[in-house]
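> So that you can map any letter, position 555 of the sequence shown is 687 in the working numbering, and since no number is skipped, the others follow by simple counting. In this text, a Cβ means the ideal position worked out from N, Cα and C, and glycines have one as well.
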Amino acid sequence: MLDPQQLIVRGCANVDTGHGIGEWQVSCEHLAYGRDGTSTTSPLTGRPDLAVVALAGLKRIAERKLARGSFATMLQDLTAFWRFLDEMEDVSEAGGGAFRSPQTVLDIPGTIWTLFKDWMSAQGDGRAHYRYFHCKRVFDEAAEIMAPGVSTQSGYPLPPNPFPNPQKVKARVGAEQDETIEPEVMHRAAKVLFKHIEETDRRLKDAWRSVDAPADERARVLKRLAESAENLDWNLEGWECSPALRGGMTFPCLPASRVRVHVNHAWWLVPAQTDLLPVFCLFLLRTGWNTSTAMDMQAEHWSRPHPTRPQQVVELQSAKARARGAVQKTYSLKHKPEHPYQLICRVLEWTRPLRDALQRQIDSLQIESQGKGLVDIKAIEAEMSALRGLKNRVWLFLTKDGRISCLGKDTRYAYVNDLFREDGIVHQGRQLEFNQALTRNSWGIFAYESSGYNLLVTQLALGHKDLSSILHYINQKAIRNRHRRQFFDFQTHVFNEVGIGRLNPHILRQLVQNGRLTSTEAETLGKGGFRTRQGVTCVNPYAPDKGIAPSHEEGKLCQSQACLMGCSKAFVTYDCLEYVAERILHLRHYRDLMPLQAWVTSDYPHDLEFLEQIMDMFAETNRRAAFERAQRKAAPPIYTLPSAATLNRAGA
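1. When you compare only the Cα positions, how much space is there between H467 and Q474?
2. Here's a check: name, in chain order, each residue in its chain whose Cβ is nearer than 7 Å to the Cβ of R665, leaving out the five neighbours to either side.
3. Would K197 be called buried (16 or more neighbouring beta carbons within 10 Å of its own) or exposed?
4. Rounded to a whole number of angstroms, what is the C-alpha to C-alpha distance between Q137 and Q157?
5. By how many angstroms is the C-alpha of K323 removed from the C-alpha of L587?
6. State yes or no: is the C-beta of A864 within less than 9 Å of the C-beta of V237?
7. My assumption, with CB atoms under 8 Å, is that R525 sits in contact with A404. Please give the rounded CB distance.
8. Just the Cα atoms here: how many angstroms apart are D333 and R478?
9. From M726 to T406, what distance separates their C-alpha atoms?
10. Roughly how many angstroms separate the alpha carbons of N706 and V668, rounded to a whole number?
11. Report, in whole angstroms, the separation of the C-beta atoms of P298 and H261, which I expect to be a contact under 8 Å.
12. Please state whether DSSP places V158 in a helix, a strand or coil.
13. P403 by DSSP, collapsed to three states: which one?
14. Out of curiosity, what's the CA-to-CA distance linking L325 and L539?
15. Around the C-beta of P676, are 16 or more other C-beta atoms found within 10 angstroms, so that it is buried, or is it exposed?
16. Express the C-alpha separation of L530 and A388 in angstroms, rounding to a whole number.
17. My output table needs one value for F203: the three-state DSSP class, helix, strand or coil.
18. With H, G and I counted as helix, E and B as strand and the rest as coil, what does DSSP make of T246?
19. Going by DSSP, what residue range makes up the beta strand (DSSP E) through C538?
20. Does the distance from the C-beta atom of I716 to that of A757 stay below 9 Å?
21. Measure how close the beta-carbons of T211 and L247 come, nearest whole angstrom, since I'm counting them as under 8 Å.
22. Examine the Cβ distances between the segment 183-196 and the segment 416-428 and report whether three or more of them are shorter than 8 Å.
23. Give me whichever residues DSSP pairs with P682 in a beta bridge.
24. Apply the 10 Å Cβ neighbour rule to S159 and answer buried if 16 or more other Cβ atoms are within range, or exposed otherwise.
25. What residue from P234, K523, L497 and I499 has the CA that sits closest to R487's CA?
26. How big is the Cα-Cα spacing for S202 and K765?
27. By Cβ distance, which residues of its chain are closer than 8 Å to L689, with the 5 residues on each side in sequence left out?
28. Name the residue from Y722, Q745, L743 and E744 whose alpha carbon lies nearest to the alpha carbon of S734.
29. What whole-angstrom Cβ distance do R259 and D222 have, given they're in contact under 8 Å?
30. Tell me the rounded alpha-carbon separation between E714 and L740.
31. Let's test the definition: count the other Cβ atoms within 10 Å of the Cβ of G143 and tell me whether it reaches 16, buried, or not, exposed.
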């Protein structure tokens, strides 16, 4: 029987973000003793011998600076290995097999690990890369501790991660994979969220107003509350007798069934999680912050006046845990109700009763600690520290079991997605689903494009210290996708047929009237235009689109000639067909030659599809002739991997 203290892993976060001390401890007893299934967790078989192995690795890892949330994610992914063993044993037993679960760290490499890898591939939930990474890390560390002399002969370290990292796989071979929200979609989403915020604000204010309101006003308020109750399908009867009004949102010494009744009453006065989620999501849309930075805002130190415009503008701030406590800042107008400053003010007002309740708990513990022994005092101080950290959180809410909690890493956005679904908001042909990557990428590209493709402005908008960090968000392929979609829409409507580079005068007149071309550009195009080295027709080589050539100097001839990235000054004609065919052959050669992972993480899949779409605009006989000429002319390209020195110079 393992000592319960042996099953506890202790660690310390890399930085304190202002919510109490960074020390933490997590129990891993479910690895040793198992657990029963609940509504949120699956049943698990306890494996004491294997738990000893896992704990050795986990404790070694926790000796380094590690956030509690990061450790919890690692433990969750490690628990998947236990679920895998349970499923293998069930299948083996049902089929009369003889599957034998590992007992020591040396039993894991080989057959067990291969089966685990296949099991992860079959899950289809997008976590295979992370599960493999965390389990491999834990077992490699454990093997080094428990079998230092023979671990290498037994298959350690375990093989490298075969699953691509979802955050780095950015090959977008279709428009539907462009991870940015179009401005009109974002506007509709923000409108839906703000409507829900106003309804919540009205409900909470009416509930508090009705408590001490005069009789005539109270009748009007109760009528509005009855309408809210009907819309929410909530029970209004008896809520004024809730202990929430007297006991400060805490429900001690009550059975669970009664707690739920009182919580339902208390939700008229303080927010539930579903009340906070729309505010939180709108805050992310308005600031471009990532979720952890927004969640770590301190209720006591979240804003300060703007240095030159304190009456109109305020500076919002939060510590970034992953950036060693660096302060993330953003600016907001003070008087716009849908802007970040007013959103946080609303949340702080909603959650003030919860914060007061936490302070009463802290005061009660302070009194309780008097006259206690040293051990008891330390336990009480730890509890008080946790309560102070919770009290300093912005995003507090009352749970259904009567606890005061806050938005955290495990927050899900199903409720917000339901709001989008009810309003019929569609993104790229699918139901819009809220996630951090979508909002953060959209914010980065918005800042990049609206600033005139200025990297420094975008770096400040995203709050990054170095330029290399913003490349994850300012994805040039996403911007190029948008230009190329517009390029195809434009040319499809312009050309009634592809000729020799000349346009119908009626079409030219329409282009000028619609503002797509100036009269000078239309005249140039009518005469045949300019030819680039690719054979593309250009109407104005002195003014390429800013998004295509950000470094172009006004008045000078275009140096990039990246016409096929979707420049609005470019027109595809027969003259460029041979170049397109030659480039398609090169890309197909790369596709057959390159490793699969290198291919899908490159720009090539998207480029190939785009060029093939261009080729499809022409007649079959012209396409065939262009490929024949390209095959006679082009030498096959050679694909090589960059050297380590080249990657280091590029910052990869």
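From the atom records:
1. 7 Å
2. Q693
3. exposed
4. 11 Å
5. The predicted model places L587 with a pLDDT of 45, which falls under 50 and marks its position as unreliable, so this point remains unresolved.
6. The chain is shown from 133 up to 784; residue 864 falls before or after that span and cannot be answered.
7. Between A404 and R525 the Cβ distance is about 16 Å, and since that is not below 8 Å, they are no contact.
8. 8 Å
9. 48 Å
10. The amino acid at residue 706 is misidentified as Asn; the sequence shows Tyr. Y706 and V668 have their alpha carbons spaced roughly 8 Å apart.
11. 6 Å
12. Here DSSP, grouped into helix, strand and coil, assigns V158 to strand.
13. coil
14. 17 Å
15. A residue is called buried when at least 16 other Cβ atoms come within 10 angstroms of its Cβ; P676 meets this threshold and is buried.
16. Any reading at A388 needs caution, since the residue's pLDDT is 49, under 50, leaving its predicted position unreliable; the model's value is listed next. Distance between the alpha carbons of A388 and L530 is about 15 Å.
17. helix
18. T246 falls in the helix class under three-state DSSP.
19. I536 to C538
20. No, they are not a contact pair.
21. That belief does not hold up - the Cβ atoms of T211 and L247 are roughly 17 Å apart, past 8 Å.
22. Using a C-beta cut-off of 8 Å, the segment 183-196 makes no contact with the segment 416-428, since fewer than three inter-stretch Cβ pairs fall below that distance.
23. None, per the DSSP bridge assignment.
24. exposed
25. K523
26. So the alpha carbons of these two residues sit roughly 55 Å apart.
27. Answer for L689: P673 and Y674, listed in chain order.
28. Y722
29. About 21 Å separates the CB atoms of R259 and D222; that is not less than 8 Å, and the two are not in contact.
30. 11 Å
31. buried
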